[in-house]
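With my numbering applied, the sequence shown closes on residue 934, and no number is skipped along the way. The structure appears below as structure tokens.
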Amino acid sequence: MNREKSQIFFEKAKKLIPGGVNSPVRSFISVNEIPFYVERAYGSHLFDVDGNAYIDYVCSWGAIILGHAHGGLVEEIKDAVKSGTSYGLCHPYEVEFAELIIEAFPSIELLRLTNSGTEATMSAIRLARGYTGKKNIIKFKGAYHGHADFLLTSGGSGMATLSQPESKGVLDDHVKNTHVADFNNIDSVWRIVKEDRDVACVIVEPIMGNMGVILPDPDFLKNLESLCKEKGIVLIFDEVITGFRVAYGGAQTIFGIDPDITCLGKIIGGGFPVGLFGGKRQIMESISPLGGVYQAGTLSGNPVAVRAGKYVVQYLKERKEAYEYLERNVKKIKEEVEKVAKKYKVPYTINAVCGMFSGFFTEKRVRDYESAKSSDKILYEKFFKLMLESGFFFAPSPYEASFLTLAHTEEEITATIEAYEKIFRQLGKR
Ligand SMILES: *Cc1c(COP(=O)(O)O)cnc(C)c1O
């Protein structure tokens, strides 16, 4: 595959933008590859500036669910833009949008819109601290909640120790109030809360999507919910990926959990920068102008973004069978590809849930940070490159999830499984 024009753009970009990219994974650095430059996207496909086509399994990191450039959505956006692109004032669509979201997520009584998932989680934590008057927070090792300072830590051992920052520029002081627990290990949370009475909240991705897909063990989330209730700790569900992806009402409807605050993003913007956090009335009323927790945004509730998001959510609401379609396709990939892996003796496990999946090059069951990290990165790099050459774009990192849209046809799923077979045949007899 010729990627000459992409290469030229990338060389130029590196002189203008740090690393040539506006978000680090886009550099393809962890698979030692050069990024391709997208000219346009349509349905399940990305087309690069050199004229190559790829079936897209990244889908803007999960933000796209209807497929790229979905006709009805494009019309909605065109129409929205004609009425102005930003008012910084109230408008009817934000009310209708809030109504739709609250109807979809019974745990949300009031919500506030933001411009990204990062803003949503950052604000949710400020709110939890402001509401409880407590200082400390608990997150899980390997979870990503955006790039706010106090969440950029993963800690060492999952014990109630002080955390280490994961980025330069993040001070020890920024993360000294962040405890790190182990996903699927409720005892690791109990150990923290038994010693620390100053915990304001626990933030969790109910289905982890940022070290590959990792499913919660049965009861883990229920136990976490009971623990938080017992200790008066605010439970924050970060459903920025899972919201409207794994089910219409997110992972919380699948597991029957009633979190205090939910963060959404990605899908709810229809490809525009949107996030939101919402939850129990009593907690949400602590936000300004009602309460003393400050939170704001010039572009928050942007009319174009809100109309795009509302279109997507409304579309899904009217076609709940969409989730059966996504589920069926993911299941097919998991079953067929694991069979193929066995056939060619490639160590490979797929974790899958409606609309998203990850393949790990390991025979272990991947259920936490350590087992995800122990997968074979060299094999992943080979897999990535061979898939790209075959016209399939998977995440340029072994720890990112793969996503499906409603535009991925059953024929394309079959073609993808055939590509796996060809590649595993090659990797198997290394
Ligand atoms: C992507 C993501 C975020 C951050 O959202 P941005 O819009 O990138 O700021 C937060 N939490 C989770 C679980 C995410 O996947």
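For glycine and all other residues, C-beta sits at the position ideal for the given N, C-alpha and C. Owing to the predicted nature of the structure, the values given are computational and were not obtained by experimental measurement.
Review point. How big is the Cα-Cα spacing for glutamate 867 and threonine 853?
Key: Within the sequence shown, the letter at position 363 stands for residue 867. Within the sequence shown, the letter at position 349 stands for residue 853. Computed Cα separation, rounded: 6 Å.
Out of Gly673, Lys824, Val738 and Val599, which one is the CA nearest neighbour of methionine 788?
The sequence position of residue 788 within the sequence shown is 284, counting from 1. Cα-wise, what sits closest to methionine 788 is Val738.
Exercise. Count the other C-beta atoms from every protein chain shown that fall within 10 angstroms of the C-beta of valine 679, then say buried if there are 16 or more, exposed otherwise.
Key: Along the sequence shown, read from residue 1 onward, the residue named residue 679 stands at position 175. Buried, because 16 or more other Cβ atoms sit within 10 Å of the Cβ of valine 679.
- Below 5 Å from a heavy atom of ligand 1 - residues by beta-carbon: This selection yields Ser620, Gly621, Thr622, His649, Gly650, Glu709, Asp742, Val744, Ile745 and Gly769.
Query - Short Cβ contact (8 Å threshold) for phenylalanine 644 with alanine 704 - result: Your numbering for residue 644 matches position 140 in the sequence shown. Your numbering for residue 704 matches position 200 in the sequence shown. No, these two residues do not count as a Cβ contact at 8 Å.
Item checked: Beta-carbon gap between aspartate 807 and alanine 584 smaller than 8 Å -> Taking the first residue of the sequence shown as position 1, residue 807 is located at position 303. Taking the first residue of the sequence shown as position 1, residue 584 is located at position 80. Correcting the residue type first, residue 807 is proline in the shown sequence and not aspartate. In this structure, proline 807 sits near alanine 584, with a CB-CB distance shorter than 8 Å.
Does leucine 604 come out as helix, strand or coil in the three-state DSSP assignment? Start at 1 with the first residue of the sequence shown, and residue 604 comes out as number 100. When secondary structure is reduced to three states using DSSP, leucine 604 falls in the helix class.
Quick one: using the 10 Å Cβ neighbour count with 16 as the cut-off for buried, is glutamate 603 buried or exposed?
Locating residue 603 in the sequence shown gives position 99, where the first residue counts as 1. Classification of glutamate 603: exposed, given that the 10 Å Cβ count is below 16.
Self-check item: Start and end residues, alpha helix (DSSP H) containing histidine 678
Solution: Looking up residue 678 in the sequence shown gives position 174. It spans 676 to 679 - the alpha helix (DSSP H) in which histidine 678 sits, taken as one unbroken run.
Is the separation between the beta-carbon of phenylalanine 897 and that of valine 562 shorter than 8 Å?
By 1-based counting over the sequence shown, the position of residue 897 is 393. By 1-based counting over the sequence shown, the position of residue 562 is 58. Yes.
Under a three-way DSSP split, which group does proline 722 fall into? Within the sequence shown, numbered from 1, the residue matching residue 722 stands at position 218. DSSP, reduced to helix, strand and coil, places proline 722 outside both helices and strands of the structure shown, so it counts as coil.
| query | How many angstroms separate the CA atom of asparagine 640 from the CA atom of aspartate 691? | reply | Within the sequence shown, numbered from 1, the residue matching residue 640 stands at position 136. Within the sequence shown, numbered from 1, the residue matching residue 691 stands at position 187. Asparagine 640 and aspartate 691: Cα-Cα distance of roughly 18 Å.
Does DSSP classify asparagine 536 as helix, strand or coil? Along the sequence shown, read from residue 1 onward, the residue named residue 536 stands at position 32. Residue state, collapsed to three classes: coil.
Could you round the C-beta distance between serine 879 and proline 902 to whole angstroms and report it? I think they count as a contact, below 8 Å.
Sequence index remark: in the sequence shown, residue 879 carries index 375 (1-based). Sequence index remark: in the sequence shown, residue 902 carries index 398 (1-based). Between serine 879 and proline 902, the beta carbon gap of about 6 Å places them in contact (Cβ cut-off 8 Å).
Exercise for the section: With a threshold of 16 other CB atoms inside 10 Å of the CB of aspartate 677, please say whether the residue is buried or exposed. Expected result: Position 173 of the sequence shown, counted from the first residue, corresponds to residue 677. By the Cβ-count criterion, aspartate 677 is exposed, with fewer than 16 other Cβ atoms from all chains shown falling within 10 Å of its own Cβ.
| Going along the chain, which residues of its own chain have a beta-carbon closer than 8 Å to the beta-carbon of serine 894, five neighbours each way excluded? | Working through the sequence shown from its first residue, we reach residue 894 at position 390. Apart from sequence neighbours up to five positions away, the residues of its chain that approach serine 894 with a beta-carbon distance below 8 Å are Ala923, Lys926 and Ile927, ordered along the chain.
- Task: Could you spell out where the alpha helix (DSSP H) holding valine 797 opens and where it closes?
- Result: What you label residue 797 is simply residue 293 of the sequence shown in a count that begins at 1. Taken as a continuous stretch (DSSP letters only), valine 797 belongs to no alpha helix (DSSP H), as it is neither H nor E.
Item to complete: Leaving out five residues on either side along the sequence, give the residues of the same chain with a beta carbon under 8 Å from the beta carbon of valine 708.
Response: One-based indexing of the sequence shown puts residue 708 at position 204. Here the set comprises Lys643, Phe644, Ala647, Phe687, Leu725, Leu728, Leu739, Ile740, Phe741 and Asp742.
- Task: Check each candidate in Gly637, Gly747, Gly773 and Ile745 and name the one with the smallest Cα separation from glycine 796.
- Result: Within the sequence shown, residue 796 is the residue found at index 292, counting from 1. Closest option to glycine 796, Cα to Cα, is Gly637.
**Report entry** In DSSP terms, what arginine 544 is bridged to
**Finding:** In the sequence shown, residue 544 corresponds to position 40, counting from 1. BP columns for arginine 544 point to Phe551.
- Have a look at valine 870 and isoleucine 718 and give me their C-alpha separation to the nearest angstrom. Position 366 of the sequence shown, counted from the start, is the residue given in the question as residue 870. Position 214 of the sequence shown, counted from the start, is the residue given in the question as residue 718. Distance between the alpha carbons of valine 870 and isoleucine 718: 7 Å.
Quick one: Cα of glutamine 930 to Cα of valine 693, how far?
In the sequence shown, residue 930 corresponds to position 426, counting from 1. In the sequence shown, residue 693 corresponds to position 189, counting from 1. Each residue's alpha carbon lies about 43 Å from the other.
Rounded to a whole number of angstroms, what is the C-alpha to C-alpha distance between proline 777 and serine 620? Stepping through the sequence shown from its first residue, residue 777 is reached at position 273. Stepping through the sequence shown from its first residue, residue 620 is reached at position 116. Between the C-alpha atoms of proline 777 and serine 620 there is a straight-line separation of about 6 Å.
Worksheet item: Would you call the segment 753 to 765 and the segment 830 to 844 in contact, with 3 or more CB pairs under 8 Å?
Response: Below 8 Å, too few C-beta pairs join the segment 753 to 765 and the segment 830 to 844 to call them touching: fewer than three.
Assuming the contact rule is C-beta atoms closer than 8 Å, alanine 751 and isoleucine 711 should be a hit. Round their C-beta distance to whole Å, please. Taking the first residue of the sequence shown as 1, we reach residue 751 at position 247. Taking the first residue of the sequence shown as 1, we reach residue 711 at position 207. With 8 Å as the limit, alanine 751 and isoleucine 711 do not qualify as a contact, their Cβ atoms being about 10 Å apart.
Expressed to the nearest angstrom, what Euclidean distance is found between the alpha-carbon atoms of leucine 794 and phenylalanine 601?
-> The residue you call residue 794 lines up with position 290 of the sequence shown. The residue you call residue 601 lines up with position 97 of the sequence shown. In a straight line, the C-alpha of leucine 794 is about 21 Å away from that of phenylalanine 601.
- Task: Closer than 6 Å by C-beta to alanine 747: which residues in its own chain qualify, once you throw out the five before and the five after it? Chain order, please.
- Result: Looking up residue 747 in the sequence shown gives position 243. Reading off the sequence, residue 747 comes out as glycine, not alanine. Non-local C-beta neighbours of glycine 747 in its own chain, meaning closer than 6 Å and more than five positions away in sequence, comprise Gly754 and Leu768, ordered along the chain.
Original post:
Considering only residues of the same chain and omitting the five flanking positions on each side of arginine 785, which have a CB-CB separation below 7 Å?
Top reply: What you label residue 785 is simply residue 281 of the sequence shown in a count that begins at 1. Cβ-Cβ distances below 7 Å link arginine 785 to Glu613 and Leu614 in the same chain, with the five nearest sequence neighbours on each side left out; the list follows chain order.
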